[in-house]
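Report on the structure given below.
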Amino acid sequence: MPCRTTKELNELVQEAKKYTGKGKVADYIPALAKAHHEELSVAIFHDDGTCVSAGDVKQKLTLQSVSKVLTLALALMDYGEEAVFSKVGYEPTGDPFNSIVKLEFSPSKPLNPMINAGALAVTHMIKGKNEEERFERILTFIQQLAGNSAIGYSAEVAESEYRTSDLNRALCYFMKQHGVIDEDIEELLRVYTKQCAIEMDCLDLARIGCVLAMDGVEPRTNLRLIPASVARLCKTFMVTCGMYNASGEFAVRVGIPAKSGVSGGIMGSVPNRFGIGIFGPALDEKGNSIGGTKLLEIMSAKYNMSMF
Ligand code: GLN
1 MPCRTTKELN ELVQEAKKYT GKGKVADYIP ALAKAHHEEL SVAIFHDDGT CVSAGDVKQK
61 LTLQSVSKVL TLALALMDYG EEAVFSKVGY EPTGDPFNSI VKLEFSPSKP LNPMINAGAL
121 AVTHMIKGKN EEERFERILT FIQQLAGNSA IGYSAEVAES EYRTSDLNRA LCYFMKQHGV
181 IDEDIEELLR VYTKQCAIEM DCLDLARIGC VLAMDGVEPR TNLRLIPASV ARLCKTFMVT
241 CGMYNASGEF AVRVGIPAKS GVSGGIMGSV PNRFGIGIFG PALDEKGNSI GGTKLLEIMS
301 AKYNMSMF
């Protein structure tokens with residue numbers, strides 16, 4: 001049974017909130033350091049279009065790494081699987097999301113599209129005649145998935161990340177040297193940091209999670225927004241790499257396709273049932289929302305969410 005009452009969901013949030021004190025807000029992107037440590041909110045969007053939420057769900061969060069799943073979908077729709085996976089691999093790394101180490105191994109393309117190197121290679125592929133058009137295409141696609149044309153991006157967070165992106169810059173130069181990407185690195189970083197700074201609330205995030213849960217169909221309008229094969233491929237990466245190098249343990253404890261970001265966002269997709277959007281900025285040592293992960297564990301046990 002999915003959760004249908006706010007009271008019930010509130011109780012689960014209160015339970016999970018106890019863990020936020022053990023986490024730490026991301027500060028390597030200076031603008032993210034302003035987030036409130038103890039915050040935890042969640043929205044569930046069911047396949048019949050109904051929604052339940054708990055916590056301060058009007059709070060906005062930036063997508064950060066959650067955006068990687070959505071640019072992957074767009075690149076696959078633009079170019080198809082063969083072309084996309086000529087630039088990026090299918091395998092989990094077991095390394096932190098921003099690690100450079102595996103790029104040293106042959107072939108030197110990034111191992112998967114959910115680590116920073118792989119996501120940068122995917123953003124490199126997004127079609128458009130200039131950086132503005134490429135970013136607009138990403139933003140419009142995300143607005144369509146959430147059914148909310150008011151979604152925008154935080155210029156402050158984008159700028160803050162762009163100015164401090166030296167690790168991502170290094171990944172890009174490494175990949176440029178090895179022929180994975182061949183554009184101006186600063187332009188690519190501007191598109192990527194804006195994509196990561198796209199801003200929404202938990203409900204928007206849950207709606208997008210639900211579209212993926214329904215294999216690409218928006219349940220309220222019955223419109224197909226993503227081909228089923230692309231939605232399934234994205235969900236598979238969410239299972240194998242969506243929670244960075246904690247994806248194995250997450251698969252055991254929660255067992256759903258999910259993608260997290262260093263802002264503390266988690267988007268979950270319970271196949272054929274519902275989408276989940278969570279915001280809890282205190283992170284564990286691997287960069288996942290500590291309260292959000294705990295909340296998903298509790299929800300998985302209570303609502304029998306695991307697909308395994
Ligand atoms: N914008 C972030 C970065 O590239 C995204 C990483 C994340 O959310 N794990 O570092």
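Numbering (the numbering used here), first residue to last: 1 to 308.
Glycine included, C-beta positions come from ideal geometry on N, C-alpha and C.
Span separating the alpha-carbon of residue i from that of residue j
i	j	result
E183	G21	42 Å
M200	V101	33 Å
A31	K302	36 Å
A246	K109	22 Å
G268	L167	28 Å
G216	S229	9 Å
F279	E136	25 Å
Y173	E186	10 Å
N116	P96	9 Å
E82	E161	31 Å
V52	R220	15 Å
I276	V270	8 Å
R273	T50	11 Å
L76	S67	14 Å
S300	E159	37 Å
T236	I290	23 Å
G3	G118	Per the sequence shown, residue 3 should be read as Cys rather than Gly. Cα-Cα distance, rounded: 35 Å.
G179	M238	27 Å
L74	I126	7 Å
T164	L283	20 Å
R207	E132	26 Å
L120	K34	26 Å
G265	L12	17 Å
V84	N130	20 Å
I181	V69	19 Å
N304	K7	19 Å
Boundaries (first-last residue) of the beta strand (DSSP E) holding residue i
i	result
K259	258-260
G275	274-279
Three-state secondary structure assigned by DSSP to residue i
i	result
M267	strand
A246	helix
Y153	strand
K176	helix
K127	coil
K24	strand
Neighbourhood of residue i by C-beta, 7 Å cutoff - its chain only, sequence neighbours within 5 removed
i	result
T123	T71, L188, V191, Y192, Q195
A170	I100
V309	Missing from the structure shown is residue 309; the chain here goes from 1 to 308 and no further.
K294	A16, Y19
Q59	E39, S41, D201, F279
M243	F250, A258, S260, N288
S154	T62, A197, E199
Y90	N112
K24	A282, L283
Extent of the continuous alpha helix (DSSP H) run through residue i
i	result
M299	290-303
I29	Per DSSP, I29 belongs to no alpha helix (DSSP H) and is neither H nor E.
M307	Neither: M307 is in no alpha helix (DSSP H) and is coded neither H nor E.
R232	228-241
K17	6-17
E131	131-146
6 Å Cβ shell around residue i - same chain, five flanking residues per side excluded
i	result
N148	D204
V157	A31, T62, A197
V262	A26, Q64, G287
R253	E297
K176	none
H37	V25, A282
A231	L212, D215, G216
R134	I126, G128, V191
G292	I266, I278, G280
Same chain, Cβ closer than 8 Å to residue i, five either side skipped, listed in chain order
i	result
I151	L139, I142, Q143, I198, E199, M200, D204
T339	For the chain, the structure presents residues 1 to 308; residue 339 sits outside this window and is missing.
S306	V254, G255, I256, S300
L223	V217
T5	V52
Identify every run of the alpha helix (DSSP H) within the segment 195-224, keeping only runs that are complete inside it and at least 4 residues long; order them along the chain.
Within the segment 195-224, the complete alpha helix (DSSP H) runs of at least 4 residues are 202-213.
Can you list, in chain order, the stretches of the beta strand (DSSP E) that have 3 or more residues and sit fully within the segment 36-123?
Counting whole runs of 3 or more residues, the segment 36-123 contains the beta strand (DSSP E) stretches 41-46, 51-54.
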